[in-house]
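Below is one structure, written out as structure tokens; comments come after it.
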Amino acid sequence: MSRPSRGARAVVGVAASLAGSLSSLSLLWSCAPHSTREPLPFAPASADAAPDPSAAGPYPVGVRHFTLIDHYRVEADGPRAGQPRTLPLEVWYPAQEAARDAEKETIYLYNELPPDLQEGLTVEDLGALPTIAVRDADVRADDDDRYPLVIFSHGKGGTRLQSNFYTAYLASHGYVVVAPDHAGDTIVELLREVKDSGNIQPDSTVEALVYRPEDVIAVLDLLPDVLPVDLYARIDEDRVGVSGHSFGAITSFLSASADSRIDAIVPQCPGSHELLGLQMRTPLQEMQIPMLIQSASEDGTLPEETNALPLYENMPSPKGWLSLSRAGHFTYSDLCVLDVEAINGVLRLDVSNVLDDGCGPEALSADVAFPVIRGNAIGFFNQHLRGSPGSAQFLNQQEIDRLAPGEGAYRFDNDG
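Quick note: the working numbering has the sequence shown finishing at residue 427, numbered continuously throughout.
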């Protein structure tokens, strides 16, 4: 059963209900004084402003958790067979000024596991990730600004929370960022596969090529049903970006090839051009949106020369490509911030590939890599989604050398 268009869904009354809510909210806005705008420390990216995208932006950040239920898709197998596809969502957004000095959230990975996988572990065993976001902070509503939407897709066996260094910082620059857990392809299923069979099942990868881009499209279709009015009303759905890491990078290409609402993409450490060619609804060479690839020179999982490079060569302009030196596949995640060896000792998993692919002592440190990655990606989105031509100053080799001298290369092509 396919999901009807957003307009067709008005037949069942969802859109009508939303319209009534938005009408009420608009009335409240029209009656409220606009002289109470809380000042920002500096201007966000716009036609007249181009703040440094490698650092935190001017907005304090809030984060909330939601659950998306897609009644138009049914799980074929697994513990939820026959039930609607259900996706946990994490949403980061510009928050009220009170969040600037409030206590920031620390994420404990233990809390992301179901009880059967928590057995024998403690909260401390899996480590903690500090963030710049405040859990359940009030949405910024002291002005009429609406923010571009960016959807982030995690890697295979990953989690919606895997790249806070990037997703939360995007929100600080004036974006609403939505990251779904691709149910069936998360850390939970990965741990269960390894626990039960000792390896990762290839069938799960093939299936994910289909349902992952459909998850992104479902987020675009169903956000009005999921988010509260105060948050949804801040989203400008005419400005949409998608980004993702590894399998999430493939997902960003596939979803953009299938849905014209997506205006720009930033795939990180993507898979092969041949694989994408078999799945894309719109051929890569015909995609008429700005695209920026980010990759790692020492990627042992998806090597640049057979993945990022042929993709870049086949992408139409405008296009960009950042290659980080001394970086591996997992440099583009929060994983390297954790004590991976300690986690391995607790879970008894072989994590040598992680240590050798971006998280080892010889790899570029997160303190150096993260500002380069997010500066390049957020600068790109600022230029194309926030209408900030001045942000192009951060998309060049000189900027990479400023942040990490000798540790990266940047290419850009605006011809054709």
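Idealized CB from N, CA, C, for every residue including glycine. Quantities reported herein were computed from a predicted structural model and do not represent experimental measurements.
Figure out for me which residue from the options has the closest Cα to the Cα of residue i.
| i | options | result |
| --- | --- | --- |
| A179 | R203, R385 and P125 | R385 |
| G282 | R292, L320, D270 and I273 | L320 |
| R84 | D156, V221 and D249 | V221 |
| Q173 | R157, L160, A267 and S257 | S257 |
| F391 | D378, N407 and S376 | N407 |
| R146 | E130, P105, G288 and Q129 | P105 |
| P329 | F423, P416 and S263 | F423 |
| T142 | I198, Q404, V348 and V379 | V348 |
| R151 | Y243, V227 and V277 | Y243 |
| H340 | P125, A260 and H184 | A260 |
| D59 | Q404, P99 and S399 | S399 |
| V251 | I273, F405, L265 and D241 | I273 |
| D236 | R111, F77, F405 and P62 | F77 |
| E86 | E225, Y177 and A374 | E225 |
| S65 | L265, L181 and N318 | L181 |
| P278 | D81, H284, V253 and V199 | V253 |
| L432 | A229, Y186, G166 and D153 | As shown, the chain starts at 12 and ends at 427. That puts residue 432 outside it, with no answer to give. |
| A229 | D88, D192 and A420 | D192 |
Who does residue i pair with in a DSSP beta bridge?
| i | result |
| --- | --- |
| S334 | S306 and A420 |
| H76 | E101 |
| Q279 | H256 and Q305 |
| V251 | L160 |
| T460 | With the chain running from 12 to 427 in the structure shown, residue 460 is simply not present. |
| T133 | Paired residue(s): none; T133 is not in a bridge. |
| G169 | T197 |
| I191 | Per the sequence presented here, residue 191 reads as Pro, with Ile not at that position. Bridge partners of P191: L100. |
| R146 | V74 |
| I246 | Y158 |
| P95 | V85 |
| S376 | Looking at the DSSP assignment, S376 forms no beta bridge with any residue, so it has no partner. |
| A60 | S57 |
| A106 | V150 |
Let me confirm a value: residue i is counted as buried when at least 16 other C-beta atoms fall within 10 Å, else exposed. Which label applies?
| i | result |
| --- | --- |
| V189 | buried |
| H45 | At H45 the pLDDT is 44, less than 50, meaning the model places this residue with poor confidence and gives no usable figure here. |
| E410 | buried |
| A30 | Caution is warranted here: a pLDDT of 39 is assigned to A30, below 50, making its placement in the model unreliable, and the coordinate value is therefore given only provisionally. Exposed: under 16 other Cβ atoms inside 10 Å. |
| P52 | exposed |
| A92 | exposed |
| A307 | buried |
| Q296 | exposed |
| V134 | exposed |
| S28 | Any reading at S28 is ruled out, since the residue's pLDDT is 37, under 50, leaving its predicted position unreliable. |
| G255 | buried |
| P239 | exposed |
| S41 | Low per-residue confidence applies at S41: pLDDT is 40, beneath 50, and the placement is therefore not dependable, though the value from the model is reported in the following sentence. It is exposed - the Cβ of S41 has fewer than 16 other Cβ atoms within 10 Å. |
| H395 | buried |
| D426 | exposed |
| R397 | buried |
| S34 | Bear in mind that the predicted position of S34 carries a pLDDT of just 40, short of 50, making it unreliable; the figure below should be weighed with that in mind. That one is exposed. |
| A267 | buried |
| P294 | exposed |
| G185 | buried |
| P90 | exposed |
| G138 | buried |
Pull up the distance between the alpha-carbon of residue i and that of residue j, whole angstroms please.
| i | j | result |
| --- | --- | --- |
| L346 | G371 | 11 Å |
| V72 | T117 | 14 Å |
| D310 | G369 | 7 Å |
| L234 | F381 | 29 Å |
| L39 | L313 | Low per-residue confidence applies at L39: pLDDT is 38, beneath 50, and the placement is therefore not dependable, though the value from the model is reported in the following sentence. Approximately 51 Å, taken between the alpha carbons. |
| D367 | G401 | 38 Å |
| A275 | V217 | 25 Å |
| G169 | Y343 | 12 Å |
| L333 | P416 | 14 Å |
| R245 | Y158 | 6 Å |
| D136 | P327 | 46 Å |
| G195 | A219 | 8 Å |
| L414 | V379 | 7 Å |
| S336 | A377 | 13 Å |
| S271 | E418 | 35 Å |
| Q129 | Y121 | 7 Å |
| Y70 | A56 | 11 Å |
| Q448 | D127 | Outside the shown range of the chain (12 to 427) lies residue 448, about which nothing can therefore be said. |
| P50 | P125 | 42 Å |
| F163 | Y323 | 20 Å |
| N439 | R223 | No information on residue 439 is available, as it lies outside the stretch 12 to 427 that the chain covers here. |
| L286 | S263 | 13 Å |
| L95 | V102 | According to the sequence shown, residue 95 is Pro rather than Leu. Between P95 and V102, the C-alpha separation is close to 21 Å. |
| A269 | Q290 | 10 Å |
| L132 | L140 | 17 Å |
| N318 | D155 | 42 Å |
| L303 | G68 | 21 Å |
| N387 | D412 | 12 Å |
Looking at residue i and the ligand ZN, is the gap between the Cβ and the nearest heavy atom below 8 Å?
| i | result |
| --- | --- |
| H395 | In the structure on display, the ligand ZN does not appear, and there are no ligands present to speak of. |
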